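Below is one structure; the comments refer to it alone.
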Amino acid sequence: MKQGQLRVLGALVLTAAVSPFVAKPAAAQAKPVLGKLAGVVRDTAGTPQMGASIELVPEFGGIAAPHSLLTNTQGIFEGSKLLPGLYTLRVTLAGFLPTLDKHVRVSSNLTTVVRVELESMYATLEQLRRTPSAAPSTPDDWKWVLRSTASVRPVLEWVDQPDSTALYADNRRLGVPRVRMEFTDGARGAASPGSIAPRPATAVAYDRQLGDTSSLLFAGQMSYDEDAPGGAIATVWLPSGTLGAGPHTALVLREAKIGPDGPSFRGARLDQGGTLSLGDRLVLHYGGEYVLVGLGASASAVRPRAQLNYRVSRGWSTELVVASTPTGPEPLEAAESEPGAMLAAALNQLDAFPALLMRDGRPVLQNAFHEEIAANRKIGAHGVLQFAGFHEDNRHTAVYGLSGQTLPAADYFQDYFSNGFAYDGGASSNWGARVAFRKKLEGDTEFTALYSVSNALAPGNDMDGVLRDLLQSVPRHSLGAGVSAKLPRLGTKLNAGYKWISGPAVSRLDAYGESLYQMDPYFHLMVRQPLPKWALGRWEAIADCDNLLAQGYVPTSSRDGHVVLVPSFRTFRGGLSVQF
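Read in order, the letters of the sequence shown are residues 3 to 582 in this note's numbering.
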């Protein structure tokens, strides 16, 4: 064998001998075991924040590019396939101060869970706002547009008045009451079994948080009349945990005996609704309810509602409304977001049944449909002027009255507790217009003015027919003004207003506008007086009066007898309320 061949053979033998002891190249090495990082971003009140930007920066060498994440609608983010080691967590969100969390360890085969709390910039803004300054200010100094990423978060506008098209969230601030109890005598309505009986009653509402975001509200009420006991229960589920910023589902059950020998009223009401942002300028308030009642026979109704708000410019916005005419409290998606509003909204659901009427011996529900288009103009920093045109289509118009004699039971539902009655005034259709102005004044004072022109039912001169044939649709004007305020030292909350109507009217004139601006006919007054702290919670004395001067009563005679028709009963409801 030649010398060169011996050298090649020796090299091959040496390579084979040492190859098991040589380390494999990096590409052939086993892959490292990766880890995960998950967490939730909340504000100081515990409300999850959507659209927060999460940046994971490795604190070890060899990796240059950070990881970017976003929180979902529940404020949750998750990062997978992360190399084990220490990371720096940087969280940013418009309207909040940036947060930095260092030395977050990610381990192999494990999920590291972190909780991030963001501090709002508004606390600092409020401090600056209360500090006197000699510098001139413009009306829009305190108007801010908040945006994180345009593709994942809509524009939200923070304004002082509740008439903006922005979404409002009832943040879970510390100190927000979770229980509300009311001890009252009287009722908000009259002459309808769907209303709470005007007798001493106790109502309780409870806010139960489910998980990190959801809330379940419970409400119940029981009256103490021995001859005609009644009660109601309600549950309201808020998946987002807030009013006016997400969907809701409400279920209300009510039962009441109509007198010691009378039938029993049973009713069920299912309400579904919410608020949805459609881009930067559109906000949709949607909802609907199904009502089923029984009083001997049964009656049911489907009552949809929808409101589309479009922000045209900085000072102008438009609204398109298609809804059943409200007869009870405002919808949950439009409820106020002040502390305790969720509990008050739950109690209001107990009294949100439409009026029950009788027609040819069978029960029917008050039913009207309302279509409206409106334009809103912002006046200054805290004022809104609205111009609206509307159309109302009434199938069963509720007409109320008083009578000292027995009326035909087939068409008149007579109240067991008084000499009042409810009557089906029949069908009517009318067009109308409204001009409204609302402005927030100094402190907690707010002024509202309302002018409406439309048709309403009024009795004619023919006395030979039944009452329904006597009622005619006639044009009427109305002008109202109201003030809500909070006295600075006593803390007394006042809500007073007066609505004038140009002539006799036995049905509501612009019922939707009355509900929207809380402008009932004639003089109404509500007082809430905080009491000195002497027990658990915050106690208040409440007094709610409608048509305090008993105006607008119209005496009428028909083939059924002599009655006094009443557009708005004079009622009083008072008692005590406690929140804790």
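Even glycine gets a Cβ: it sits at the ideal position worked out from N, Cα and C.
Quantities reported herein were computed from a predicted structural model and do not represent experimental measurements.
Assigned exposure category for residue i - 16 Cβ within 10 Å defines buried
i    : result
F355 : buried
L297 : buried
A537 : exposed
G614 : As displayed, the chain neither begins before 3 nor continues past 582, which places residue 614 out of reach and without an answer.
D446 : exposed
F423 : buried
E121 : exposed
P141 : Per-residue confidence for P141 stands at a pLDDT of 39, beneath the threshold of 50, marking its modelled position as unreliable; the derived number appears in the next sentence. P141 is exposed by the Cβ-count criterion.
N111 : exposed
R210 : exposed
A542 : Inspection of the sequence shows that residue 542 is occupied by Glu rather than by Ala. Buried is the call here.
R44  : buried
S225 : buried
H564 : exposed
A301 : buried
E374 : buried
A207 : buried
T408 : exposed
Beta strand (DSSP E) segment containing residue i, residue limits
i    : result
M344 : Looking at the DSSP string, M344 is not in any beta strand (DSSP E); the run it does join, the alpha helix (DSSP H), is 343–350.
R491 : Run containing R491: none; DSSP gives neither H nor E here.
Q388 : 385–398
V108 : 101–108
K380 : 369–381
A1   : With the chain running from 3 to 582 in the structure shown, residue 1 is simply not present.
R313 : 299–313
S55  : 55–60
Q76  : Q76 -> no beta strand (DSSP E), and no H or E assigned at all.
A552 : Unbroken run through A552: none, as it is neither H nor E.
A252 : 250–259
Q211 : 203–212
D426 : 422–426
G243 : It is not in any beta strand (DSSP E) - G243 carries neither H nor E in the DSSP assignment.
F117 : Looking at the sequence itself, residue 117 is Arg, so the reference to Phe does not match. Counting along the chain, the beta strand (DSSP E) containing R117 begins and ends at 113–120.
Minimum C-alpha distance to residue i - residue among the options
i    : options                : result
G248 : V295, H69, E516, T75   : T75
Q368 : D362, H398, S300       : H398
A199 : A207, R190, V206       : R190
S420 : Y402, S431, R436       : Y402
S504 : S486, L84, K535, S454  : S454
D362 : A205, L91, L481, Y414  : Y414
G289 : V324, Q553, S242, T408 : V324
S475 : E448, V437, A451, G427 : G427
Q553 : R107, H526, N432, L359 : H526
G577 : A203, T113, L91        : A203
D187 : D227, L278, N457       : D227
R182 : D263, M344, L120, Q407 : M344
K380 : V115, W318, L95        : W318
E80  : L39, L322, L284        : L39
Y292 : R305, A299, Q51        : R305
G232 : P534, R478, P262       : P262
S266 : A513, Q581, S194, M528 : S194
D103 : G77, V59, S109, T113   : V59
D273 : D229, N350, I260, A400 : N350
G385 : G406, E184, A438       : A438
Coarse secondary structure for residue i, derived from DSSP in three states
i    : result
Y453 : strand
D353 : helix
D522 : coil
G465 : Gly is not the amino acid found at residue 465; the sequence shown has Met there. It is coil, neither helix nor strand.
D362 : coil
Y500 : strand
D546 : strand
S480 : strand
V323 : strand
Y414 : strand
D229 : coil
E444 : coil
P50  : strand
A236 : strand
V181 : strand
K535 : coil
V566 : strand
P557 : strand
V508 : coil
Q407 : coil
G607 : Not covered by the structure: residue 607. The range shown for the chain is 3 to 582.
A152 : For A152, the predicted structure reports a pLDDT of 33, less than 50, and the residue's modelled location is therefore unreliable. The matter cannot be settled from this model.
Element boundaries [alpha helix (DSSP H), containing residue i]
i    : result
L469 : 469–472
L518 : 513–519
CB contact check: residue i to chain D, cutoff 7 Å
i    : result
P306 : Absent from the structure is chain D; it holds one protein chain and no more.
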